[in-house]
Amino acid sequence: MKKLIAASLFALSASVTGNAFAEPVKIGMITTLSGGGAGLGIDARDGFMLAIEQSGNKDIEVITEDDARKPELAVQIADKMIQSDKVDLMTGIIWSNLAMAVVPSATAQDVIYLSVNAGPSALAGAGCSPNYFNVAYQNDNFHEAMGEAANKDFKKTFIMAPNYPAGKDSLTGFKRFYKGELAGEVYTKLGQTDYAAEIAQIRASDADSVFIFLPGGMGVAFTKQYAQSGVDLPLMGPAFSFSQDVLPAIGDAALGVKNAASWAYDLDNEANKTFVEGFKEAYGRLPSVYAAQAYDTANLILSAAGKASVKDKDAFRAALKEADFDSVRGKFSFNSNNHPIQDFYVREVVKDGDTLTNKIVSTAFTDHQDAYAAECKM
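Structure below.
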C-alpha cells in the first residue's frame, strides 16, 4: 500500500464485522490538499483512508475533494456533494472558518457531519446540532491544556494566534486555565509568514515565556525566525504548531518545545500501535495528530454503520453517540453536545534517531470536556 491515495473517488472493500452493512455508506470528504496547510489535509485524508482500507469494507464509498483552504470553494463542493452526489455523511474540513461556512448548512439539510479537526466554539454551544459530531476536540481544548501546564513554570506569558475563529478560541482557551499575567496578546493575519514585527514585540516585552497557535506553514515560519532572532524565552503551543507534518520543515529549532494534544505516537494502547505501524507502512512517515483524529473518525463511522442503517438517521446518530470503537487515544466518549470527553497530554519535541517527533512528558487533564456543552440545548 505504498501509495499516496488520490483526491478522487474511492470504492473500497470488506467489512469490520465481516458482514455487509444494512445500507452502503457514501461519505463526502472535503479537505485541504493544495496551497497553504495542505499537509494537514493530506494527513487527515491518509489517516481516514487507512482505517477504511484496514477494515476492507466494500460498502463504504468516499468522495474526496480539495477545498484549497477557500471557504467559498468548500461551500460549492459541499452543495454538489449533498445535492448531486447524494452523500450520507460529510467530513474532512481542517480549518474553522471553512467549517463555519459548510457545517451549519449541511446539518440543516439533514446530513450528518463528523469533524476530523475543526472545532469552533460556535458549533459546540448554542449552535450545536444532532447532526454534528466532533471526533477531534473543541478548539479551546489543546490550548486549555497548555495553559494549565504553563502554570507550573511561568508567570508572564506572551500569547499569539491568527485572527480567525480557531485563533480566537485558542487564546480564549489558554487564558481560561492560565493563572499568570499576559505580557502581550497579538492576533496575526491568517497565512502570515513574516513575524519580524511580532518577534520585536516579544523582545520588548517582559515576558518569561511565549505561547503560539500558528498551524501549518505559519508555525514553520515563526519558529524558524524565532530561533534565529536570539530571543531566548521558552516557546510552547498546542500540537498544531509542532505536529508531525511540520516538524521536518521546522528542523532542530523545535527541539525541546512543549505542546499539548490528546494524542501522541507513543501512547501505549493496541489501537494506537496498529495505527502507527500501519500508517508508517502505508505512507513511509510517522502520523500526525490530524491523521490520528481522522483515523478515529473513520473507525467511528465503521462501528456505527455496523449497527444501524445510515438511512435511519435516529438510529445512526445513536450508534455514533455510543462511540463503540477502539480509539487511538485510549479513552473516548461523547459529551451531551457531541464533542469528546478525553485526556490531554503535554508533549515535548525530541529526536528519535534522526526523526523529530513528540513524546508525552505529562498529563494535563483527565476526562476533560469543553466549556460550551452547557449552552447546547439538544
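With the working numbering, letter number 227 in the sequence shown gets 268, and the count goes up by one each step, no holes. All C-beta atoms in this analysis are idealised placements derived from N, C-alpha and C, irrespective of residue type, glycine included. Fair warning: this is a prediction, and the values are worked out from it, not measured in the lab.
Can you tell me whether E322 is buried or exposed, with buried defined as 16 or more other CB within 10 angstroms of its CB? On the sequence shown, residue 322 is found 281 positions in, with the first residue counted as 1. The residue is exposed, with fewer than 16 neighbouring Cβ atoms inside 10 Å.
Is A301 closer than 9 Å to V387 when the C-beta atoms are compared? Within the sequence shown, the letter at position 346 stands for residue 387. Within the sequence shown, the letter at position 260 stands for residue 301. Yes, these two residues count as a Cβ contact at 9 Å.
Over what stretch of residues does the beta strand (DSSP E) that includes N175 continue unbroken? Taking the sequence shown and counting its residues from 1, one reaches residue 175 at position 134. Unbroken beta strand (DSSP E) run through N175: 173-175.
Could you please give the first and the last residue of the uninterrupted alpha helix (DSSP H) stretch that includes M90? Stepping through the sequence shown from its first residue, residue 90 is reached at position 49. For M90, the enclosing alpha helix (DSSP H) starts and ends at 79-96.
P279 by DSSP, collapsed to three states: which one? Reading the sequence shown from its first residue, position 238 is the one you call residue 279. Correct three-state label for P279: strand.
First and last residue of the alpha helix (DSSP H) that includes L130? Your numbering for residue 130 matches position 89 in the sequence shown. Here L130 belongs to no alpha helix (DSSP H); instead the beta strand (DSSP E) covers 130-132.
Could you check if Q410 is buried or exposed, using at least 16 other CB atoms within 10 Å of its CB as the buried criterion? For this step, residue 410 is matched to residue 369 along the sequence shown. By the neighbour-count rule (16 or more Cβ atoms within 10 Å), Q410 is buried.
Check whether the stretch 291-298 touches the stretch 362-381, taking contact to mean three or more Cβ pairs, one atom from each stretch, closer than 8 Å. no
Cross-strand partners of I101 (DSSP beta bridge): Position 60 of the sequence shown, counting from 1, holds the residue named residue 101. Note: I101 sits in a beta bridge opposite V66.
Where the alpha helix (DSSP H) through R370 begins and ends: On the sequence shown, position 329 is the one that residue 370 refers to. Taken as a continuous stretch (DSSP letters only), R370 belongs to no alpha helix (DSSP H), as it is neither H nor E.
With DSSP as the reference, identify every bridge partner of S403, one or two as the case may be. As a first step, residue 403 must be located in the sequence shown, where it is residue number 362. S403 pairs with V387.
Taking the alpha helix (DSSP H) that K121 belongs to, which residues open and close that run? Against the sequence shown, residue 121 aligns to sequence position 80. First-last of the alpha helix (DSSP H) with K121: 112-124.
Just to confirm, are K372 and Q383 a CB contact at a threshold of 9 Å? Stepping through the sequence shown from its first residue, residue 372 is reached at position 331. Stepping through the sequence shown from its first residue, residue 383 is reached at position 342. Taking 9 Å as the Cβ cut-off, K372 and Q383 qualify as a contacting pair.
Given this structure, state the Cα-to-Cα distance separating M131 from L308, to the nearest angstrom. By one-based count along the sequence shown, residue 131 stands at place 90. By one-based count along the sequence shown, residue 308 stands at place 267. Roughly 28 Å separates the two Cα atoms.
Ranges of the beta strand (DSSP E) found wholly within the stretch 236-291, counting only runs of at least 3: 250-253, 276-279
Beta-carbon proximity list for Y205, same chain, < 7 Å, skipping 5 on both sides: Residue numbering aside, residue 205 sits at position 164 when the sequence shown is read from its first letter. Correct list, in chain order: S137, N138, L231.
8 Å Cβ shell around A142 - same chain, five flanking residues per side excluded: Translated into the one-based positions of the sequence shown, residue 142 becomes position 101. For A142, where only same-chain residues beyond five positions count, the Cβ hits under 8 Å are P112, E113, A115, V116.
Euclidean distance between Cα positions of F366 and R244: In the sequence shown, residue 366 corresponds to position 325, counting from 1. In the sequence shown, residue 244 corresponds to position 203, counting from 1. Approximately 48 Å, taken between the alpha carbons.
If contacts are defined as beta-carbon pairs under 8 Å, then K152 and Q334 qualify, I think. What distance do you get, rounded to the angstrom? Locating residue 152 in the sequence shown gives position 111, counting from the first residue. Locating residue 334 in the sequence shown gives position 293, counting from the first residue. Residue identity check: residue 152 is Val in the sequence provided, not Lys. Between the beta-carbon of V152 and that of Q334 there is about 20 Å, and that puts the pair past the 8 Å contact cut.
To the nearest angstrom, how far is the alpha carbon of N192 from that of R86? By 1-based counting over the sequence shown, the position of residue 192 is 151. By 1-based counting over the sequence shown, the position of residue 86 is 45. Going from the Cα of N192 to the Cα of R86 covers about 36 Å.
Would you decide whether M42 is buried or exposed? Buried here means 16 or more other CB atoms lie within 10 Å of its CB. Residue mapping note: residue 42 aligns to position 1 of the sequence shown, counting from 1. Below a pLDDT of 50, predicted positions are generally treated as unreliable, and M42, at 42, falls in that range; the measurement from the model is reported next regardless. Label assigned to M42: exposed.
When the Cα atoms are used, what is the spatial distance from G59 to E311? Locating residue 59 in the sequence shown gives position 18, counting from the first residue. Locating residue 311 in the sequence shown gives position 270, counting from the first residue. Bear in mind that a pLDDT of 42 at G59, under 50, signals an unreliable position, so the number given afterwards is only what the model happens to contain. When rounded, the distance between both Cα atoms is 20 Å.
Less than 9 Å separating the beta-carbons of N180 and S211? Taking the sequence shown and counting its residues from 1, one reaches residue 180 at position 139. Taking the sequence shown and counting its residues from 1, one reaches residue 211 at position 170. The answer is yes: Cβ separation under 9 Å.
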